[in-house]
Amino acid sequence: PGKQFHDDVLSYSLRQSIDTITSLYVKGFFPKGSIVWINGDMPNAGMWALTDKSSHIRTYTTPRPGWCRITRTNVRFAATSRDTGSRAAKIFDLTAHDMLEVPHSTILVNYVAKDTPLQFQVDGNVKKSVNGVVEWEPFTVIDLPRHTANDRVTNNRLELADAHQRGFELMTLGCSDERTEFAHANYDTFRLGLKDKLLRGISDESSKTNKAVDILINKISDGMHKRILETGEEFDYDGAN
């Protein structure tokens with residue numbers, strides 16, 4: 001329990017999150033200046049990001065693209081159109097986590113075999129993507145290998161305010177009231193700056209060794225603990241609901 005347990009969980013969660021963020025950055029989905037909120041204990045809740053807009057993001061990786069069926073209630077992936085019904089390999093809905101329901105969700109799809117694109121079926125009809133994107137409220141699905149992202153981060157104040165509010169909610173998901181209040185009062189304590197050189201270095205190293213990621217995770221964990229201590233306030237590392 002305590003800091004060591006928190007560090008162990010943080011290490012596992014950060015590895016997943018950093019791998020995802022690095023991959024999306026190198027692929028060009030996250031332009032420079034993007035802000036990404038993650039939950040240190042619940043990486044499966046996805047992430048909130050401010051890019052060209054404020055959006056909740058989850059990723060799905062599959063060997064081959066196959067088919068994606070989008071309805072008003074969920075997104076289903078399978079090898080064939082027929083299998084997206086009751087035999088879907090993966091299903092996403094607006095319940096990103098049992099404690100988090102989002103108003104809209106963006107699903108980023110990546111795959112190894114890039115000879116054919118992801119096929120889409122929307123409301124029972126086959127639909128072609130535009131720039132790898134198909135939108136059908138409340139979902140946006142992006143075929144990453146066929147997508148060129150906007151290279152600018154929005155400066156729209158409403159998008160910025162929405163991202164900070166919803167990003168904070170995701171970041172503190174599962175926290176006790178005390179931990180949430182601490183995070184609110186010390187918001188910048190949990191801010192991490194990941195520069196281009198570092199992210200590309202992690203990407204280059206990831207195919208050879210996890211050493212670069214391990215070093216970064218240790219620095220983040222130690223640095224965050226130091227900043228928490230500098231607040232002069234008591235922080236409960238076990239303070240989950």
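Using full-length UniProt numbering, read the sequence shown as starting at 1 and increasing by one per residue.
Glycine residues also receive a C-beta, built at the ideal position from the N, C-alpha and C atoms.
Sequence-distant residues of its chain with Cβ nearer than 6 angstroms to residue i (five each side left out)
{"i": "residue 136", "result": "70 and 122"}
{"i": "residue 4", "result": "Its pLDDT being 47, under 50, residue 4 is placed unreliably in this model, and the value from its coordinates should be taken loosely. Correct list: empty, nothing qualifies."}
{"i": "residue 145", "result": "114"}
Three-state secondary structure (DSSP) of residue i
{"i": "residue 157", "result": "helix"}
{"i": "residue 81", "result": "coil"}
{"i": "residue 90", "result": "strand"}
{"i": "residue 38", "result": "coil"}
{"i": "residue 99", "result": "coil"}
{"i": "residue 199", "result": "helix"}
{"i": "residue 135", "result": "strand"}
{"i": "residue 180", "result": "helix"}
{"i": "residue 59", "result": "strand"}
Distance between beta carbons of residue j and residue i, contact taken as under 8 angstroms
{"i": "residue 111", "j": "residue 43", "result": "21 angstroms between Cβ atoms; not a contact."}
{"i": "residue 52", "j": "residue 152", "result": "6 angstroms"}
{"i": "residue 24", "j": "residue 108", "result": "7 angstroms"}
Per-residue burial, residue i [other beta carbons within 10 Å of its own, 16 or more giving buried]
{"i": "residue 171", "result": "buried"}
{"i": "residue 302", "result": "A question about residue 302 goes unanswered here, because the residues of the chain that appear run from 1 up to 241."}
{"i": "residue 118", "result": "buried"}
{"i": "residue 1", "result": "Summary for residue 1: the model assigns pLDDT 36, below 50, so the residue's position carries little reliability; its value from the coordinates is reported in the next sentence. By the neighbour-count rule (16 or more Cβ atoms within 10 Å), residue 1 is not buried but exposed."}
{"i": "residue 116", "result": "exposed"}
{"i": "residue 150", "result": "exposed"}
{"i": "residue 6", "result": "Low confidence applies to residue 6: its pLDDT is 49, below 50, so where it sits in the model is not reliable, and the reading given next is rough at best. That one is buried."}
{"i": "residue 18", "result": "buried"}
{"i": "residue 134", "result": "buried"}
{"i": "residue 185", "result": "exposed"}
Beta-carbon proximity list for residue i, same chain, < 7 angstroms, skipping 5 on both sides
{"i": "residue 103", "result": "138"}
{"i": "residue 101", "result": "94 and 95"}
{"i": "residue 20", "result": "59"}
{"i": "residue 27", "result": "144"}
{"i": "residue 173", "result": "39, 42, 45, 97, 99 and 100"}
| request: Would you check if the segment 72-88 and the segment 182-200 touch, i.e. whether three or more CB-CB distances between them fall below 8 angstroms? | output: no
| request: Decide if the segment 71-84 is in contact with the segment 18-32; the criterion is three or more beta carbon pairs, one per stretch, under 8 angstroms apart. | output: no
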